[in-house]
Amino acid sequence: MLALNKCDLKFANTEGEFTGYGSVFGVLDSKNDVIMPGAYAEVLKSSESVKVYVNHGWMRGELPIGTWSGLKEDGRGLKGTAGLVMQMPSAVNAYWSIKSGLVSGLSVAIMPDHNSIERRADGARVIHNIKALKEISIVTDPANDESRVLDVKFSEEIEKVGSIREFECLLRDVGGLDRGTAKQLVTKAKELFAQRDAGDDVRAKESSDELATAFMFRLSTFGKNI
Numbered sequence: 002m003l004a005l006n007k008c009d010l011k012f013a014n015t016e017g018e019f020t021g022y023g024s025v026f027g028v029l030d031s032k033n034d035v036i037m038p039g040a041y042a043e044v045l046k047s048s049e050s051v052k053v054y055v056n057h058g059w060m061r062g063e064l065p066i067g068t069w070s071g072l073k074e075d076g077r078g079l080k081g082t083a084g085l086v087m088q089m090p091s092a093v094n095a096y097w098s099i100k101s102g103l104v105s106g107l108s109v110a111i112m113p114d115h116n117s118i119e120r121r122a123d124g125a126r127v128i129h130n131i132k133a134l135k136e137i138s139i140v141t142d143p144a145n146d147e148s149r150v151l152d153v154k155f156s157e158e159i160e161k162v163g164s165i166r167e168f169e170c171l172l173r174d175v176g177g178l179d180r181g182t183a184k185q186l187v188t189k190a191k192e193l194f195a196q197r198d199a200g201d202d203v204r205a206k207e208s209s210d211e212l213a214t215a216f217m218f219r220l221s222t223f224g225k226n227i
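Here it is in structure tokens:
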């Protein structure tokens, strides 16, 4: 049984890694399933690794493109970090599809404990326990709209920026902005960063990095949200 869930994604500083939600609790998806808090508690005790696929490619005999680590339940759902094998072309394609905002979904392949399932009056299956978590896929057509991208760290691109002009070019590439708009944003960003407290260099840098990361992500997803 495949319970599809759009995911919240957060890219790490290491290329090929991102953090996201593969499953969100208490939400009715298009498969007519609702996964409840605690449903993954038992299966997460297993030492068996959970693989990353694209669109549940294992059903077509495709190879996995990475593994999940740090999987855990929190108040929202099932959260973990995916590490993709960037030497594989399919992993590279998947990574950049997500990072560019073309794809934003995750999907879990699970086997529920049928003794834990209850049926609601509307016919929905409420799942309280999951026996097996085969994999979590990057998907193009998720069924649950509750999980969304958090933010993206464009670490490599930002590290390569060595001048204002290169920063403007990055804004144009990531945000699809024209040159004039990119220049305006650069000017505004310099004004905002100048206002920050220079007394605590470390804290100021961390805060600036977070702001820059969130800013770049908003630009990368702007086009697909209008």
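Just so you know, we're using this note's numbering here: the sequence shown kicks off at 2 and counts up by one.
Every residue, glycine too, gets a C-beta built ideally from N, C-alpha and C.
Note that this is a predicted model, so its numbers are computed, not measured.
Segment contact: the stretch 91–104 against the stretch 116–129, fewer than three CB-CB distances shorter than 8 Å; contact not assigned.
Secondary structure note for VAL104: it is in no alpha helix (DSSP H), with a DSSP letter that is neither H nor E. ALA95 and ILE139 have their C-alpha atoms roughly 7 Å apart.
Between ASN56 and the set GLU169, ILE165, VAL109, GLY84, the nearest pair of CA atoms involves VAL109. Only residues of its own chain outside the window of five on either side were considered, and among them VAL162, VAL187 have a CB closer than 7 Å to the CB of PHE168, listed in chain order. In this structure, GLY67 sits near VAL53, with a CB-CB distance shorter than 7 Å. Here LYS132 has MET112, ASP114 as same chain residues with Cβ atoms under 6 Å from its own Cβ, once five neighbours each way along the sequence are excluded.
In the structure shown, the three-state DSSP call for VAL86 is coil. With contacts defined by Cβ atoms closer than 7 Å, ASN116 and ALA40 do not form a contacting pair.
Restricting attention to ARG166, SER50, LEU107, the CA atom closest to the CA of THR141 is found in LEU107. Per DSSP, reduced to three states, the secondary structure at LYS135 is strand.
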